[in-house]
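Chemist:
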Amino acid sequence: MTNTKRMKEDILRMSGVNPRKCMKCGKCSGTCPNYDEMEYHPHQFVSMVEEGRLEPLLASKSLYTCLSCMACIERCPRGVEPAKLIEAVRLLKERQKDGNHLTANDIPARIDDDMPQQAIVTAFRKYTK
Amino acid sequence: MKVSYYPGCTLRNKAKDLDFYARECAKVLGFELEEVEDWQCCGGAFTSSSDEIATKLSSVRALKAAKEAGQPLVTVCSACHNVIKRTNAAMKDPAFAAKVNAYMKQDKDFTEDYNGETEVCHYLEYLRDKVGFDEVAKKVVNPLTGRKIAAYYGCLLLRPGKVMAMDDPENPVILEDFIRALGAEPVVYPARNECCGGYMAIENADAAKKRSLSVSESAANHGAAELVTACPLCRYNLVKSGSELPVLYFTELLAEALGVKEANA
Ligand code: SF4
Ligand code: SF4
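Here the protein sequences come in this chain order: A and B.
The first sequence begins at 40 in this note's numbering and counts up one residue at a time.
The second sequence begins at 2 in this note's numbering and counts up one residue at a time.
#1: Tell me whether M62 (chain A), by its Cβ, gets closer than 7 Å to a heavy atom of ligand 1.
#2: What's the call for M2 (chain B), buried or exposed, on a 16-neighbour Cβ count within 10 Å?
#3: In or out: R236 (chain B) buried (at least 16 other Cβ within 10 Å) or exposed?
#4: Are the C-beta atoms of V160 (chain A) and some chain B residue less than 8 Å apart?
#5: Please return the same chain residues whose Cβ sits closer than 6 Å to the Cβ of M77 (chain A), not counting the five positions on each side in sequence.
#6: Check distances from the C-beta atoms of the stretch 243-265 of chain B to those of chain A and list, in chain order, the residues that come in under 9 Å.
#7: In chain A, what lies closer than 8 Å to N222 (chain B) by C-beta?
#8: Give the DSSP-derived three-state secondary structure of V4 (chain B) in the structure shown.
#9: What span of residues does the beta strand (DSSP E) with V121 (chain B) cover, start to end?
#10: Tell me which residue opens and which closes the alpha helix (DSSP H) that L263 (chain B) is part of.
#11: Starting from S99 (chain A), find everything on chain B with Cβ-Cβ shorter than 7 Å and list it in chain order.
#12: Keeping to the same chain, check which residues put their C-beta closer than 8 Å to that of V84 (chain B); ignore five residues upstream and five downstream.
#13: Along chain B, in chain order, which residues have C-beta atoms closer than 7 Å to that of A127 (chain A)?
#14: Quick one: give me the first and last residue of the alpha helix (DSSP H) that Y104 (chain B) is part of.
#15: Could you please give me the residues that DSSP links to E35 (chain B) through a beta bridge?
#16: Assign K149 (chain B) to one of three DSSP states: helix, strand, or coil.
#17: Which of the three DSSP states is assigned to V128 (chain A) in this structure?
#18: Any chance the stretch 118-134 of chain A sits against the stretch 51-66 of chain A, with 3 or more Cβ pairs inside 8 Å?
#19: What does T56 (chain B) reach in chain A if we use C-beta pairs closer than 8 Å?
#20: For K47 (chain A), which residues in the same chain have their Cβ closer than 6 Å to its Cβ, ignoring the five residues on either side in sequence?
#21: Decide if G224 (chain B) is buried, meaning its Cβ has at least 16 other Cβ atoms within 10 Å, or exposed.
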């Protein structure tokens with residue numbers, strides 16, 4: 040099995056998403072509040088995973104700009120749940136050696152006195168393994 | 002009536018008002034929040050991948066403690082609620098629960114497997130379903146008459162709709178009904194269930210600001226003078242975005258209406 044094939048299988052298993060259910064209507068991307076910040080949009084994650092085009096996704100900053108707001112999950116007419124796929128790709132990346140996107144040293148410069156603990160723990164959960 | 006209570010890390014620190022008024026108002030409304038002993042941080046976000054086991058343990062420990070106390074588990078923070086309710090739903094799947102329970106067996110106070118038995122309830126749900134908003138209304142001593150308040154749901158209270166099952170995820174009414182019970186006028190606006198920017202505040206503060214501003218502008222354009230939320234991160238993002246509207250926690254509003262705020266001033 041090629042590496043790409045194995046990674047695709049991992050992503051599908053971890054996320055439980057079946058990209059073949061997608062009818063390419065684009066509603067997920069149309070409703071995505073962070074559309075402007077993402078180079079690959081939720082419908083593209085769905086089709087690129089299905090096509091096995093994983094390298095561009097694994098290298099994309101879209102992994103970190105998806106807000107996990109679940110709007111795409113709630114509003115997809117086919118129940119595809121794109122955000123679960125994005126999360127699985129992100130985890131795959133973060134589980135690689137040196138795959139973390141955030142370190143404790145990054146934190147002091149990015150917070151202020153009002154920042155709730157919730158923001159920091161959530162960022163660590165999303166951006167590190 | 003006593004319920005198990007999971008405050009979470011932020012309510013013990015930056016969001017003390019959210020916590021304090023929840024406890025004090027509960028007393029007025031005839032129930033008591035009994036804090037789960039030795040609770041651990043929920044991690045702030047539910048990780049949906051089916052092989053994420055360790056990230057679920059802190060929630061399962063709190064759920065298990067509530068089960069042992071024979072009480073529902075009440076949360077106030079939207080994020081804790083989202084994580085714990087989704088973890089509880091995941092624990093109803095025997096294959097997933099078996100993996101988590103295998104870890105739990107290492108806990109020194111382990112007694113029996115946990116399989117999603119606890120009822121998880123947001124404080125607002127508890128008010129609606131157990132106390133009743135009409136009963137809340139009867140206890141109001143300072144009706145918030147004439148105030149135009151926009152309910153901000155964000156993402157975490159409602160989604161995923163099938164699991165959170167708190168309200169219609171696209172057309173919710175629970176916060177509006179709550180606002181009405183306190184004597185104020187709810188303002189419905191399109192962005193009430195769109196994201197505030199969430200943890201992007203750490204990654205890209207400007208992008209988070211844009212998200213929050215679109216929420217508060219939507220509320221202001223529909224005539225709101227105040228925003229109300231159950232989430233400390235929503236509140237932070239909305240305030241930092243430079244929103245012209247004051248942003249309150251729902252428990253502060255409740256405390257004001259019940260006379261709890263002035264009693265503790
Ligand atoms: S909304 Fe659903 S069906 Fe439509 S493009 Fe997105 S994933 Fe595919
Ligand atoms: S979960 Fe991510 S991809 Fe889906 S709508 Fe929200 S920000 Fe966009």
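A virtual CB, placed ideally from N, CA and C, is assigned to each residue, including glycine.
Note that this is a predicted model, so its numbers are computed, not measured.
Modeler: On the basis of the coordinates in this document:
#1: Taken from the Cβ of M62 (chain A), at least one heavy atom of ligand 1 lies inside 7 Å.
#2: exposed
#3: buried
#4: yes
#5: S101 and T104
#6: none
#7: Within 8 Å Cβ-Cβ: nothing; N222 (chain B) doesn't reach chain A, min ~17 Å.
#8: Assigned with DSSP and collapsed to three states, V4 (chain B) falls in strand.
#9: For V121 (chain B), the uninterrupted beta strand (DSSP E) segment begins and ends at V121 to H123.
#10: First, the residue type needs correcting, since residue 263 (chain B) is Glu and not Leu in the sequence shown. Run containing E263 (chain B): V261 to A264, per the alpha helix (DSSP H) assignment.
#11: Residues of chain B passing the Cβ test: none, with the nearest at roughly 14 Å.
#12: C43, G44, G45, A46, F47 and S60
#13: S50
#14: P95 to M105
#15: Under DSSP, E35 (chain B) forms a beta bridge with B:S5.
#16: strand
#17: In this structure, DSSP gives V128 (chain A) a helical state, which the three-state scheme calls helix.
#18: A contact is defined here as three or more CB-CB pairs under 8 Å, and the stretch 118-134 of chain A meets this definition with respect to the stretch 51-66 of chain A.
#19: R164
#20: G91
#21: Answer is exposed; the Cβ neighbour count stays below 16.
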